[in-house]
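In case it helps, my numbering puts the sequence shown at residues 1 to 285.
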Amino acid sequence: MSIVPEPQTGWYDEAMTQDGTQDGKEQTDGRGTGRLAGTVALVTGASSGIGEATATSLAAEGATVALVARRKDRLDSLAARIGAAGGRTLVVEADVTDPAQAADAVERTVRELGRLDTLVNNAGVMLLGPVVDAPFEEWERMIAINLTGLLACSHAALPHLLAAAEDSPRQVADVVNISSVAGRQARNGSGVYNLTKHGVGAFSESLRQEVTQRHVRVSLVEPGAVATELGGHNRPEIQEQMRARFADMERLAASDIAETIEFIVTRPRHVAINEVLIRPTEQVA
Ligand code: NDP
Numbered sequence: 001m002s003i004v005p006e007p008q009t010g011w012y013d014e015a016m017t018q019d020g021t022q023d024g025k026e027q028t029d030g031r032g033t034g035r036l037a038g039t040v041a042l043v044t045g046a047s048s049g050i051g052e053a054t055a056t057s058l059a060a061e062g063a064t065v066a067l068v069a070r071r072k073d074r075l076d077s078l079a080a081r082i083g084a085a086g087g088r089t090l091v092v093e094a095d096v097t098d099p100a101q102a103a104d105a106v107e108r109t110v111r112e113l114g115r116l117d118t119l120v121n122n123a124g125v126m127l128l129g130p131v132v133d134a135p136f137e138e139w140e141r142m143i144a145i146n147l148t149g150l151l152a153c154s155h156a157a158l159p160h161l162l163a164a165a166e167d168s169p170r171q172v173a174d175v176v177n178i179s180s181v182a183g184r185q186a187r188n189g190s191g192v193y194n195l196t197k198h199g200v201g202a203f204s205e206s207l208r209q210e211v212t213q214r215h216v217r218v219s220l221v222e223p224g225a226v227a228t229e230l231g232g233h234n235r236p237e238i239q240e241q242m243r244a245r246f247a248d249m250e251r252l253a254a255s256d257i258a259e260t261i262e263f264i265v266t267r268p269r270h271v272a273i274n275e276v277l278i279r280p281t282e283q284v285a
């Protein structure tokens with residue numbers, strides 16, 4: 001199965017636009033071996049970056065993937081590329097900050113695709129800058145997407161994941177929560193992003209302890225700098241600081257994180273990868 005990669009916008013790029021600047025790296029090598037055949041995955045934030053690459057990887061492994069985000073045109077285009085490579089998807093336009101839309105996205109996936117084996121809680125936003133005089137609305141957005149969205153999708157999905165772990169041939173299901181290095185290490189200038197990602201880590205570990213003996217694995221992935229659109233939502237002065245910080249660093253590609261997620265969800269039933277911290281080699285902290 002070969003997948004044609006869609007150009008990605010690097011948030012370190014000079015322009016920092018969202019119109020698809022090529023980051024020069026392949027999203028997948030298309031080596032899918034069908035290890036997820038017969039399973040259904042739901043990926044939030046599938047319209048760009050890590051979510052798009054992850055949906056592509058999981059589909060290449062044979063999963064049918066529900067693509068969830070707000071930008072339907074981007075989801076449609078991804079669905080067409082995955083379909084052209086022989087994969088199956090369901091496009092679900094939804095704003096996960098609204099718990100009703102998050103629940104609908106999960107229910108529609110189960111209704112139309114028959115089951116749910118894998119939830120990748122990836123949708124997120126990173127709005128940096130000092131706490132003092134920060135626009136309060138930025139904090140509300142981060143809490144709504146990074147926390148409320150992840151909680152709403154998890155809440156709706158867990159009964160289906162528990163059922164899949166019980167009934168499916170694989171007898172295992174997965175929740176993969178995308179945190180960040182920022183979920184392990186607080187920095188001056190990223191206080192509320194740190195808060196949300198530390199929260200994702202705490203929730204993930206608690207949930208892991210609750211459901212792991214029922215064979216729902218909960219995994220936390222903590223990337224360092226990845227070339228995506230993520231930074232492009234920041235105020236111009238913050239983008240300038242980010243450019244300066246990462247100017248000389250070779251960042252991860254979204255496909256690097258997608259490969260990690262693919263590895264996690266294709267482990268045998270008795271193996272649970274609880275946590276992965278993955279930085280660009282040149283990233284010190
Ligand atoms: P992108 O900005 O490329 O992707 C973010 C995705 O989230 C988009 O698909 C966007 O889709 C979706 N999203 C945002 N708001 C909503 C919403 N309300 N409802 C549904 N979907 C939403 O960034 P990344 O791929 O980099 O980010 C993915 C995750 O990785 C985030 O959780 C981020 O915190 C984390 N991360 C990223 C790092 C990086 O350096 N890039 C480092 C560490 C962690 P749409 O706008 O169409 O709704």
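Ideal Cβ positions, reconstructed from N, Cα and C, are used throughout, including at glycine.
As assigned by DSSP and simplified to three states, the class of residue i
{"i": "I257", "result": "helix"}
{"i": "D174", "result": "strand"}
{"i": "E222", "result": "strand"}
{"i": "T228", "result": "coil"}
{"i": "T64", "result": "strand"}
{"i": "L162", "result": "helix"}
{"i": "A202", "result": "helix"}
{"i": "V271", "result": "coil"}
{"i": "R217", "result": "strand"}
{"i": "A41", "result": "strand"}
{"i": "E282", "result": "coil"}
{"i": "T266", "result": "coil"}
{"i": "L36", "result": "coil"}
{"i": "R88", "result": "strand"}
{"i": "V276", "result": "strand"}
{"i": "A94", "result": "coil"}
{"i": "A134", "result": "coil"}
{"i": "A69", "result": "strand"}
Cβ-based burial, residue i [other Cβ within 10 Å; buried from 16]
{"i": "V284", "result": "exposed"}
{"i": "I102", "result": "Going by the sequence as given, residue 102 is Ala instead of Ile. With 16 or more Cβ atoms within 10 Å of its Cβ, A102 is classed as buried."}
{"i": "D174", "result": "buried"}
{"i": "N121", "result": "buried"}
{"i": "V43", "result": "buried"}
{"i": "R269", "result": "exposed"}
{"i": "S255", "result": "buried"}
{"i": "F203", "result": "buried"}
{"i": "V271", "result": "exposed"}
{"i": "R74", "result": "buried"}
{"i": "Q22", "result": "With a pLDDT of only 31 at Q22, under 50, the local geometry of the prediction cannot be trusted, and no value is derived from it."}
{"i": "E138", "result": "buried"}
{"i": "G231", "result": "buried"}
{"i": "A69", "result": "buried"}
{"i": "S47", "result": "buried"}
{"i": "T33", "result": "exposed"}
{"i": "A258", "result": "buried"}
{"i": "G49", "result": "buried"}
{"i": "S206", "result": "exposed"}
{"i": "G83", "result": "exposed"}
{"i": "G183", "result": "buried"}
Do the stretch 272-283 and the stretch 215-225 make contact, defined as three or more Cβ pairs closer than 8 angstroms?
-> With a cut-off of 8 angstroms, the stretch 215-225 and the stretch 272-283 count as touching, because enough Cβ pairs lie within range.
Would you check if there are 3 or more beta carbon pairs closer than 8 angstroms linking the stretch 156-165 to the stretch 185-198?
-> The answer is no - the stretch 185-198 does not touch the stretch 156-165, with fewer than three Cβ pairs under 8 angstroms.
Minimum length 3: unbroken beta strand (DSSP E) runs contained in the stretch 108-132 | The qualifying runs are 118-121.
Indicate whether the contact test is met: 3 or more Cβ pairs, each with one atom in the stretch 125-132 and one in the stretch 56-71, closer than 8 angstroms.
-> Result no; under three Cβ-Cβ pairs closer than 8 angstroms.
Does the stretch 164-181 come within contact of the stretch 235-254, defined as at least 3 CB pairs closer than 8 angstroms?
-> Cβ pair count under 8 angstroms is below three, so no.
Does the count of Cβ pairs from the stretch 137-147 and the stretch 85-92 closer than 8 angstroms reach three?
-> Output reads no: the stretch 85-92 does not touch the stretch 137-147.
Report yes or no: do three or more beta-carbon pairs, one from the stretch 206-217 and one from the stretch 242-250, lie closer than 8 angstroms?
-> Too few Cβ pairs lie closer than 8 angstroms, so no.
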